[in-house]
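Enquirer: Numbering (UniProt numbering), first residue to last: 1 to 287. The C-beta atom is built at its ideal place from N, Cα and C for all residues, glycine as well. All values derive from a computational prediction rather than experimental measurement.
Take a look at the structure:
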């Protein structure tokens with residue numbers, strides 16, 4: 001695959017190099033970890049050169065394979081919807097051999113151990129399963145999904161448009177995420193529309209005014225029946241569900257309006273999201 005910056009112009013390489021300088025240097029070994037923070041590269045784009053940057057990105061994406069989209073639900077009236085924020089997703093790019101790859105516990109256990117890391121913490125399959133749970137749900141197919149935001153363990157934030165057709169296989173998903181974290185965006189097939197796009201933190205700047213932010217954690221003190229909890233919510237306010245997509249630990253509740261527990265047992269991210277989607281589908285009578 002060559003150098004991770006080879007497909008980018010000199011300008012993009014300089015931005016990523018500057019972002020990488022703020023992080024610690026990678027350890028010299030058989031694999032070299034990618035240390036740049038894409039959201040910092042996004043932040044450096046000034047308003048005065050946005051047009052030039054957009055033109056350059058169009059040129060770069062001409063040779064990039066895009067993502068398919070699903071037909072959008074057309075409805076004349078405004079309907080309430082939901083937003084999902086998936087926190088602490090393990091999506092870390094490293095150079096293994098000659099290729100840039102998403103590090104995972106199955107394929108890169110030896111490398112991770114040599115770096116003094118716990119392979120059990122590198123679980124990109126969790127975020128893959130979580131995204132499939134959202135995009136395969138009747139809630140999304142009915143057009144009630146407004147947006148999905150994912151923030152990685154390294155603090156990189158990106159948005160996924162609701163009409164994306166997510167890769168079904170884990171290998172293709174990892175290839176897509178590796179491409180996203182290096183190129184900063186993924187476009188639709190045959191179009192210039194950005195379906196996945198690295199954006200600037202914090203996520204709260206992209207949420208609608210008056211949105212109700214609900215954090216879910218097994219460690220939360222407030223235990224609720226999710227179906228009753230959702231049924232009592234006001235349709236005039238957008239519901240934002242914040243769910244952890246990591247193997248261990250809990251999410252930060254500092255920007256949540258409510259912090260709840262929905263089960264007496266720890267749930268996987270995919271199982272938790274399935275429950276949320278089912279509760280919303282029942283509330284909005286989605287069959």
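Along the chain, which unbroken stretches of the beta strand (DSSP E) at least 3 residues long are found entirely within the region 196–233?
Expert: 212–216
Enquirer: Does DSSP classify residue 132 as helix, strand or coil?
Expert: In this structure, residue 132 counts as helix in the three-state DSSP scheme.
Enquirer: So which of 149, 135, 253 has the shortest CA-CA distance to residue 219?
Expert: The closest CA to that of residue 219, considering only 149, 135, 253, is found on 253.
Enquirer: In terms of alpha-carbon separation, which member of 233, 103, 257, 177 lies closest to residue 122?
Expert: Measuring from the Cα of residue 122, the nearest candidate turns out to be 103.
Enquirer: Taking only runs that begin and end inside the region 79–119, name each unbroken alpha helix (DSSP H) of 4 or more residues, in chain order.
Expert: 109–114
Enquirer: Here's a check: name, in chain order, each residue in its chain whose Cβ is nearer than 6 Å to the Cβ of residue 277, leaving out the five neighbours to either side.
Expert: 137, 139
Enquirer: Look at the alpha carbon of residue 282 and the alpha carbon of residue 180, and state the distance between them as a whole number of angstroms.
Expert: 34 Å
Enquirer: Which same chain residues end up closer than 6 Å to residue 89 when comparing Cβ atoms and leaving out the 5 residues on each side of it in sequence?
Expert: Result list for residue 89: 127, 150, 152, 245, in chain order.
Enquirer: Who pairs with residue 149 in a beta bridge, going by DSSP?
Expert: 85, 159
Enquirer: Apart from the five residues just before and just after residue 157, which ones in its own chain have a Cβ nearer than 8 Å to its Cβ?
Expert: 39, 149, 150, 151, 198, 199, 200, 201, 202, 203
Enquirer: Kindly indicate the opening and closing residues of the beta strand (DSSP E) around residue 278.
Expert: Where residue 278 is concerned, there is no enclosing beta strand (DSSP E), although the alpha helix (DSSP H) it sits in stretches over 269–283.
Enquirer: What residue ranges within the region 234–271 form continuous beta strand (DSSP E) runs of no fewer than 3 residues, ordered along the chain?
Expert: 239–244, 258–261
Enquirer: Can residue 251 and residue 224 be called in contact, C-beta distance under 8 Å?
Expert: no
Enquirer: If you reduce the DSSP assignment to three classes, tell me which class residue 185 lands in.
Expert: strand
Enquirer: Near residue 297, what residues of its chain come up, given a Cβ to Cβ distance below 8 Å and the 5 sequence neighbours on each side ignored?
Expert: In the structure as shown, the chain begins at 1 and stops at 287. Residue 297 is therefore absent and cannot be evaluated.
Enquirer: Just the C-alpha distance for residue 188 and residue 196, rounded to the nearest angstrom, thanks.
Expert: A straight line joining the alpha-carbon of residue 188 with that of residue 196 spans about 9 Å.
Enquirer: Using a 10 Å radius around the Cβ and a threshold of 16 neighbouring Cβ atoms, would you call residue 248 buried or exposed?
Expert: exposed
Enquirer: Once the 5 residues before and after residue 91 are set aside, which same chain residues still bring their CB inside 7 Å of it?
Expert: 102, 124, 127, 152, 177, 181
Enquirer: May I ask you to list the residues that DSSP assigns as paired with residue 194?
Expert: 187
Enquirer: Verify whether the separation of the beta carbon atoms of residue 237 and residue 275 is less than 8 Å.
Expert: no
Enquirer: I'd like to check one pair, residue 269 with residue 129: are the Cβ atoms closer than 8 Å?
Expert: yes
Enquirer: CB-CB under 7 Å to residue 147, same chain, minus the five flanking residues each way: which ones, in chain order?
Expert: Result list for residue 147: 83, 159, 162, in chain order.
Enquirer: Under the criterion of a Cβ to heavy atom distance below 7 Å, does residue 197 qualify as lining the ligand FMN?
Expert: No copy of the ligand FMN occurs in the structure displayed, which carries no ligand at all.
Enquirer: Apart from the five residues on each side of it in sequence, which residues of its chain come closer than 8 Å, Cβ to Cβ, to residue 134?
Expert: 84, 140, 145, 148, 273, 277
Enquirer: At which residues does the alpha helix (DSSP H) containing residue 138 begin and terminate?
Expert: Element bounds for residue 138: 138–141.
Enquirer: Of the choices 96, 186, 142, 132, whose alpha-carbon is the least far from that of residue 168?
Expert: 132
Enquirer: Can you tell me which of 228, 183, 192, 256 puts its alpha carbon nearest to the alpha carbon of residue 217?
Expert: 256
Enquirer: Have a look at 214, 243, 116 and flag the residue whose alpha-carbon is nearest the alpha-carbon of residue 267.
Expert: 243
Enquirer: Going along the chain, which residues of its own chain have a beta-carbon closer than 8 Å to the beta-carbon of residue 222, five neighbours each way excluded?
Expert: 258, 259, 260, 261
Enquirer: State buried or exposed for residue 94, treating a residue as buried only when at least 16 other CB atoms are found within 10 Å of its CB.
Expert: buried
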